[in-house]
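Report on the structure given below.
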Amino acid sequence: MNQKKSVVILIADDDLDDRIMTQEALNDYNVINQVKSVEDGVELIDYLRHNGKFNNPIENPRPDLILLDLNMPKIDGREAIKIIKSDPDLRSIPIIVLTTSKSDIDIIKSYDLGVNCFISKPVTFTRFIEVIRTMGKYWFEIVEFPS
């Protein structure tokens with residue numbers, strides 16, 4: 001299957017290098033997408049609700065998929081998941097946790113809160129690219145997103 005879907009991906013990660021690496025990996029995969037990013041949980045919620053600097057829904061479209069780091073400042077990923085999944089307007093957005101954590105507690109709690117996938121960030125760039133490509137193949141060629 002070589003079908004490409006146009007999707008909006010929102011990366012929520014406080015680490016600029018990780019945001020850049022993720023975007024480069026997605027670009028390498030050649031997904032037709034619009035990648036947006038936020039630096040912390042407050043920006044994530046503001047983006048999703050079109051508050052503050054994210055008030056323009058054309059510039060800041062609803063994401064089809066959120067790539068979420070758990071360990072962010074202001075509102076961490078765990079709390080952001082609770083907020084998103086308890087909001088009837090947002091809860092249908094798939095969330096992939098993409099984090100350095102390998103903690104069983106974080107994995108179990110993330111799934112309990114309603115995430116669709118939990119991925120521990122690989123240490124090497126090559127492995128990271130490989131993981132993002134595999135994730136891309138699944139999420140962008142196989143999965144159907146809600147409209």
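Letter by letter, the sequence shown follows residues 1 to 147 in the UniProt record's numbering. Just so you know, even glycine gets a beta-carbon here, dropped at the ideal spot from N, CA and C. Predicted model only: the values in this text are computed from it and were never measured.
Taking C-alpha atoms, which residue in F128, F140, V143, I95 lies nearest to T22? Distance from the Cα of T22 is smallest, within the candidate group F128, F140, V143, I95, for F128.
What residue does the alpha helix (DSSP H) around K85 start on, and which one ends it? 77–85 is the span of the alpha helix (DSSP H), which, as asked, contains K85.
In whole angstroms, give me the CA-to-CA distance for K85 and L68. K85 and L68: Cα-Cα distance of roughly 13 Å.
Taking contact to mean at least 3 C-beta pairs separated by less than 8 Å, is the stretch 93–108 in contact with the stretch 37–45? The stretch 93–108 vs the stretch 37–45: no contact.
Taking only three categories from DSSP, how would you classify I93? Annotated three-state conformation of I93 is coil, per DSSP.
Using three-state DSSP, classify I105 as helix, strand or coil. DSSP places I105 in the helix class (H, G or I) of the three-state scheme.
Run the CB neighbour count on G52, radius 10 Å, all protein chains shown included, and call it buried at 16 or more, exposed below. Taking all protein chains in view, the Cβ of G52 is surrounded by fewer than 16 other Cβ atoms within 10 Å, so the residue is classified as exposed.
Can you tell which of I81, L44, N60 has the C-alpha that lies nearest to the C-alpha of F118? Sorting I81, L44, N60 by C-alpha distance to the C-alpha of F118 places I81 at the top.
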